[in-house]
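Taking it in order: structure first as structure tokens, then the write-up.
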Ligand SMILES: [Zn+2]
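Numbering (our numbering), first residue to last: 1051 to 1562.
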């Protein structure tokens, strides 16, 4: 009655009929029957049902993924029968029924230490059981909370170390030695039987007070499709015979690219990015997260407080070169992206710089200019047209009310000069020039506008770049212009894609 009055919910309490060890609470919300009832089954961790029982909330997952099978005509009896079938089919330790199509690994159901996690970087996650059995010890770096990384596997004969991209991670933490156990089955999830289990694996669990030992357990767990397994890791910290379970996370493409598998070929592509300002930093981080293999970033500036509200780099980097700070940021998001930061100004006529830049353009699959500087764009356009390299120009207007993305594919489309002759007189909406702000110490106006519009602009630039890299570009849509306000500054959205045709008077395009 209390729940009914206070929360407009009806609550029933009882226990499973088929297994009395499972207490049940059915909570019918006010939205019933549009919304199904929530069923809570508050059991100890070792009684959690496999796959269909949340370890945190103890809620049973009824009626499939996102309750897709729920139907508003179902009665209370239908709900009860669903619950009873879960309790009889998914008891811990039994095999999951064949009709269960949503694989959820066993490893999810341990009572893990909060805010602790051990990362398994490459190459360890790729090793098979046979290779793993050769290494009885691991060196792990852990901070005081139990957050860390595996740095090497060791045997008397040799060692395997983590790949270079991860060498700096947790570098100021303590190194511990862990015993590696490759087991046939997952370790038990309760303290009472764990010590016996470890001793059954040939491990002597010490009695001495204060003694802390680490066991890195590797076992097969279901992943991907029903019936497929892969090596899965758990770290057990044993302190005075009291264990805690620390969850391990393998870092590999199989997991990280699972939501974007079609972009896996981006790993073999390289982009040259000119400009590491607000737009450039968002483009760089997004390209890295999309999976690009290599990025060279050129910018002469240092990172200052006025940059920070719309830049992807943290405030601890004030005073550092933007490109160096951005490399750190990218590598925290995507450690295996190869980033080459170059502190340099583009458009400089000194011959050596030009040769270096030419070599970078030749090595790249695409050149992206986010400087918003006409002289830089002019210069890069002529180099890219000479070499025959796809060239992308991404800019935002003052106030970031609108953004433009110009995709130039030498031979197929007009170039930046052609674009200027075709569209140079049509200005997309922008904040009035009187609102330009001047950074102290220089007479260069900087454009205003916040990070939300910058991210939209960067998103369009990155999508255009990926279309070029994966050869999915649509002919006749080389010039994209997007705006979020009209010329009066009122909210108004619009987007257009137009062709860039070769202009008969363009010296670059006459030749192509
Ligand atoms: Zn041209």
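Glycine is no exception: its CB is placed at the ideal position from the N, C-alpha and C atoms.
Open item on the list: For a test of your reading of the model: does the CB of residue 1456 fall under 6 Å from any non-hydrogen atom of ligand 1? Yes or no.
Closed with: no
- [ ] Report yes if the C-beta of residue 1467 is less than 6 Å from at least one heavy atom of ligand 1; otherwise report no.
- [x] yes
Open item on the list: Using a Cβ-Cβ cutoff of less than 8 Å, which residues in the same chain neighbour residue 1249 once the five nearest sequence positions on both sides are dropped?
Closed with: Taking residue 1249 as the centre and dropping the five residues before and after it, the same chain places the C-beta of 1255 closer than 8 Å to its C-beta, in chain order.
Task: With 16 other Cβ atoms within 10 Å as the buried cut-off, status of residue 1535 - done: In this structure residue 1535 is buried. Its beta-carbon is surrounded by 16 or more other beta-carbon atoms within 10 angstroms.
Task: Beta-carbon spacing of residue 1376, residue 1331 below 7 Å - done: yes
TODO: Determine the direct distance from the alpha carbon of residue 1433 to that of residue 1333, and round the result to whole angstroms.
DONE: Approximately 22 Å, taken between the alpha carbons.
- [ ] Determine contact between the stretch 1122-1131 and the stretch 1075-1094, defined as no fewer than three beta-carbon pairs at a distance below 8 Å.
- [x] yes
TODO: Along the alpha helix (DSSP H) that carries residue 1055, what are the first and last residues, could you check?
DONE: That run of the alpha helix (DSSP H) goes 1052-1057.
Open item on the list: Quick check on residue 1073: does DSSP put it in helix, strand or coil?
Closed with: Residue 1073: strand per DSSP, three-state reduction.
Open item on the list: Determine, for residue 1319, whether the minimum Cβ-Cβ distance to residues of chain D falls below 7 Å.
Closed with: Annotation note: the requested chain D is absent from the structure, which comprises a single protein chain.
Open item on the list: Which same chain residues end up closer than 7 Å to residue 1514 when comparing Cβ atoms and leaving out the 5 residues on each side of it in sequence?
Closed with: 1442, 1455, 1457, 1530
- [ ] Would you mind listing the beta strand (DSSP E) stretches within the stretch 1375-1442 that are 3+ residues and don't spill past its ends, in chain order?
- [x] 1388-1392, 1416-1419
Open item on the list: Below 6 Å, is the gap between the Cβ of residue 1111 and the nearest heavy atom of ligand 1?
Closed with: no
- [ ] Return yes when at least one heavy atom of ligand 1 lies under 6 Å from the C-beta of residue 1556, else no.
- [x] yes
TODO: Following the continuous beta strand (DSSP E) through residue 1558, name the residue where it begins and the one where it ends.
DONE: Counted as a single uninterrupted DSSP element, the stretch harbouring residue 1558 is not any beta strand (DSSP E) but the alpha helix (DSSP H) occupying residues 1557-1560.
Open item on the list: Nearer than 6 Å: is that true of the beta carbon of residue 1464 relative to any heavy atom of ligand 1?
Closed with: yes
Task: C-alpha gap between residue 1407 and residue 1550, whole angstroms - done: 26 Å
Task: Three-state class that DSSP yields for residue 1298 in the structure shown - done: strand
TODO: Report yes if the C-beta of residue 1559 is less than 6 Å from at least one heavy atom of ligand 1; otherwise report no.
DONE: yes
TODO: Return the CA-CA distance between residue 1335 and residue 1209, expressed in angstroms with no decimal places.
DONE: For residue 1335 and residue 1209, the distance between alpha carbons rounds to 34 Å.
Open item on the list: Do residue 1326 and residue 1372 have their beta-carbon atoms positioned less than 7 Å apart in this structure?
Closed with: Going by C-beta atoms, residue 1372 is nearer than 7 Å to residue 1326.
Task: DSSP three-state assignment for residue 1198, whether helix, strand or coil - done: strand
TODO: Could you name the residues of the same chain whose beta carbon sits closer than 6 Å to that of residue 1266, not counting the 5 residues immediately before and after it, in chain order?
DONE: 1188, 1228, 1230, 1285
Task: Nonlocal neighbours in the same chain, by C-beta distance under 6 Å from residue 1344, ignoring five residues either side - done: Within the same chain, residue 1344 has close Cβ partners 1320, 1388.
TODO: Please report the residue range of the alpha helix (DSSP H) in which residue 1471 lies.
DONE: 1466-1473
Task: 7 Å Cβ cutoff met for residue 1271 and residue 1156 - done: yes
- [ ] Reducing DSSP to helix, strand and coil, say where residue 1082 ends up.
- [x] coil
Task: Burial state of residue 1482, where buried means 16 or more other Cβ atoms lie within 10 Å - done: Counting Cβ neighbours within 10 Å, residue 1482 comes out exposed, since fewer than 16 surround it.
Task: Selection from 1367, 1363, 1310, 1146 that minimises the alpha carbon distance to residue 1342 - done: Considering only alpha carbons, the answer is 1310.
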